[in-house]
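Counting in my numbering, the sequence shown runs without a single skipped number right up to 236 at its last residue.
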Amino acid sequence: MKLHQLSFLFCSLILTASAGTASAGLVISFSNTTPSTLVAGTSAQIDVLIANESATDLYLDGFFADVVLSSVSGPTGGLVFSATQSESQLNHTNYIFYGSSLNQNTGLPVGEVLSGGTVYTGSDFSDDGSGGGFPGLPNPVLIPTVGQEAILYRLDLLALAAGTYTIDLDFSEFSGMEDLLEFPDSLPYRSIPLTLTVEAAPAAVPEPGSAIIFGSAMVFGLHRCRRRRASA
Numbered sequence: 005m006k007l008h009q010l011s012f013l014f015c016s017l018i019l020t021a022s023a024g025t026a027s028a029g030l031v032i033s034f035s036n037t038t039p040s041t042l043v044a045g046t047s048a049q050i051d052v053l054i055a056n057e058s059a060t061d062l063y064l065d066g067f068f069a070d071v072v073l074s075s076v077s078g079p080t081g082g083l084v085f086s087a088t089q090s091e092s093q094l095n096h097t098n099y100i101f102y103g104s105s106l107n108q109n110t111g112l113p114v115g116e117v118l119s120g121g122t123v124y125t126g127s128d129f130s131d132d133g134s135g136g137g138f139p140g141l142p143n144p145v146l147i148p149t150v151g152q153e154a155i156l157y158r159l160d161l162l163a164l165a166a167g168t169y170t171i172d173l174d175f176s177e178f179s180g181m182e183d184l185l186e187f188p189d190s191l192p193y194r195s196i197p198l199t200l201t202v203e204a205a206p207a208a209v210p211e212p213g214s215a216i217i218f219g220s221a222m223v224f225g226l227h228r229c230r231r232r233r234a235s236a
C-alpha cells in the first residue's frame with residue numbers, strides 16, 4: 005500500500021462523519037458522457053469532477069473514492085465500467101493532480117474495476133516528483149471553485165443493455181478527500197449523482213446486396229404467379 009494511503013486511511017477512519025454531509029466544502033459531480041447518447045453495445049467515457057463550493061480556499065493532497073453504477077430500470081450490469089481503464093485523465097491538463105500525480109510519477113495504476121463492473125475504486129495523491137520513481141513529498145493543489153471543476157477520474161463505460169442507471173460515489177470509511185498539511189485533514193464533501201439512459205441497439209438493416217437479391221426474388225415470384233394465372 006502507498007505511504008500516502010496509510011496516512012489517509014488512518015485519518016479517514018476517524019473523520020468519516022465529514023463525508024457526504026450537507027455542509028460539505030467540496031462537491032463531486034459527473035459530466036455528460038462522450039458520446040452523449042449511450043446505445044447498448046457501445047462504449048463511452050464520463051468524467052468525475054471536483055470543485056470547492058465553500059468560501060474558503062481548500063487544498064487537496066489525496067483522494068480515495070469508489071464510484072458505483074446502479075440500475076434504476078435496466079438489468080443489473082447493463083451499464084458497467086470497462087474492465088481495462090485508459091486512465092487518460094492523468095495526461096489531461098484539467099486533472100486535479102496534473103503534473104504532480106503520485107500514480108503518474110511512480111507508474112502505479114489509479115484504480116481497478118470490481119463487483120462485475122459496477123464498482124470502480126481508485127486513488128491518487130499529490131507528489132512533487134522528488135522520489136525518482138518512488139513517492140516524493142506531498143504537493144497540495146488548490147481546488148477550483150464551482151464552475152471551474154477539475155477532473156478526478158475519467159472512466160471508460162460499456163453499455164450492455166437498455167435501461168436507466170445512476171452513477172454516484174460510495175460513501176464508506178475508505179472514501180475521502182484529504183489535505184495532509186491541515187488538521188483535521190479529511191475535507192468534507194458531497195456528491196451529485198447523475199442518471200444515465202442506455203438506448204436499445206437499433207434493429208439490423210439488411211445490406212444493399214441482400215435487399216436487391218430479396219427484391220429480385222419477390223419480383224420473380226410475382227411474375228411466375230401471374231403467368232400461372234394467365235395460363236389457367
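Virtual Cβ for every residue (Gly too), placed ideally from N, Cα, C.
- In the structure shown, Thr110 falls within a helical segment according to DSSP collapsed to helix, strand and coil.
- When DSSP assignments are scanned along the region 89-140, the uninterrupted stretches of beta strand (DSSP E) that are 3 or more residues long and fall wholly within it turn out to be 115-118 and 123-129.
- Around the C-beta of Ser179, 16 or more other C-beta atoms lie within 10 Å, and the residue is accordingly described as buried.
- With three or more CB-CB distances shorter than 8 Å, the region 55-71 counts as touching the region 137-154.
- For Thr201, the uninterrupted beta strand (DSSP E) run begins and ends at Leu198 to Glu203, by DSSP.
- Taking the Cα positions, Asp172 is about 16 Å away from Ser77.
- Between Ala166 and Val71, the alpha-carbon positions lie close to 21 Å from each other.
- The beta-carbon distance between Gly115 and Gly126, rounded to whole angstroms, is 2 Å. This is short enough to meet the 8 Å contact definition.
- By the criterion of a C-beta distance shorter than 6 Å, Gln89 is surrounded in its chain by Asp160, once the five residues flanking it on both sides are discounted.
- Within its own chain, the residues whose Cβ lies closer than 7 Å to the Cβ of Asn143, once the five positions on either side in sequence are excluded, are Ser104, Ser130, Asp131 and Asp132, listed in chain order.
- Distances from the CA of Glu91 to each of Phe68, Asp51 and Gly120 were compared; the closest alpha carbon is that of Asp51.
- Beta-bridge partners assigned by DSSP to Val52: Phe34 and Tyr157.
- When Asp65, Ala44, Gln49 and Thr41 are compared, the shortest CA-CA separation from Leu185 is found for Asp65.
- The three-state reading of DSSP puts Ala166 in coil, since its state is none of H, G, I, E or B.
- In terms of CA proximity to Leu118, Ala87 leads the group Thr97, Ala87 and Phe68.
- Rounded to the nearest whole angstrom, the C-alpha separation of Gln49 and Gly29 is 27 Å.
- Burial of Thr37 is indicated by the presence of at least 16 other C-beta atoms within 10 angstroms of its C-beta.
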